[in-house]
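Numbering (mature numbering (1 follows the signal peptide of the UniProt record, and there is no 0)), first residue to last: -29 to -1, 1 to 131. Glycine included, C-beta positions come from ideal geometry on N, C-alpha and C. Quick notes on the structure that follows.
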């Protein structure tokens, strides 16, 4: 009798623990605001800054001067399995001085987690290498590929 009671209590305890465990795949609250991630050559770490508004479709490539020396070029949006990735590059002469991410997959909590980890690394690699030859970030393969495509598009438009 003692064994049966012990077995029932341990089974119930195990079931309570299992049903109470929240996995990493459980739904999380995703923010609905558009986020821009950028980095610059001045040695700052890439930061995310929320802006108001909703995510828009892919914007056409455009050139606009931010100063007499620097040019800002927007790459075409690269469609990935999880959403578009679009890069904007600021170029001064033949030097990449700033990289901003205009669009990236952020439809759920996992996308946001992956991209908040991967995009600053990709931006830093771009600023360090001064080219579109960036290494893929483990766990963010689709984002890395989309980033490289959009970055190459922007650099082609800038003539680099």
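Please state whether DSSP places residue i in a helix, a strand or coil.
i: residue 54; result: strand
i: residue 20; result: The predicted model places residue 20 with a pLDDT of 37, which falls under 50 and marks its position as unreliable, so this point remains unresolved.
i: residue 43; result: strand
i: residue 131; result: coil
i: residue 49; result: strand
Pull up the distance between the alpha-carbon of residue i and that of residue j, whole angstroms please.
i: residue 129; j: residue 47; result: 13 Å
i: residue 52; j: residue -11; result: 32 Å
i: residue 97; j: residue 103; result: 6 Å
i: residue -29; j: residue -9; result: 31 Å
i: residue 95; j: residue 87; result: 13 Å
i: residue 64; j: residue 101; result: 12 Å
i: residue 112; j: residue -20; result: 43 Å
i: residue 89; j: residue 79; result: 16 Å
Between residue i and residue j, how many whole angstroms is the CB-CB distance? I'm expecting something under 8 Å.
i: residue 114; j: residue 56; result: 6 Å
i: residue 67; j: residue 60; result: 6 Å
Query raised in the report: On the three-pair Cβ rule with 8 Å, is the stretch 114 to 122 touching the stretch 70 to 88?
Result: yes
Query raised in the report: Using 8 Å as the Cβ pair cut-off and three pairs as the minimum, do the stretch 41 to 49 and the stretch 102 to 111 touch?
Result: no
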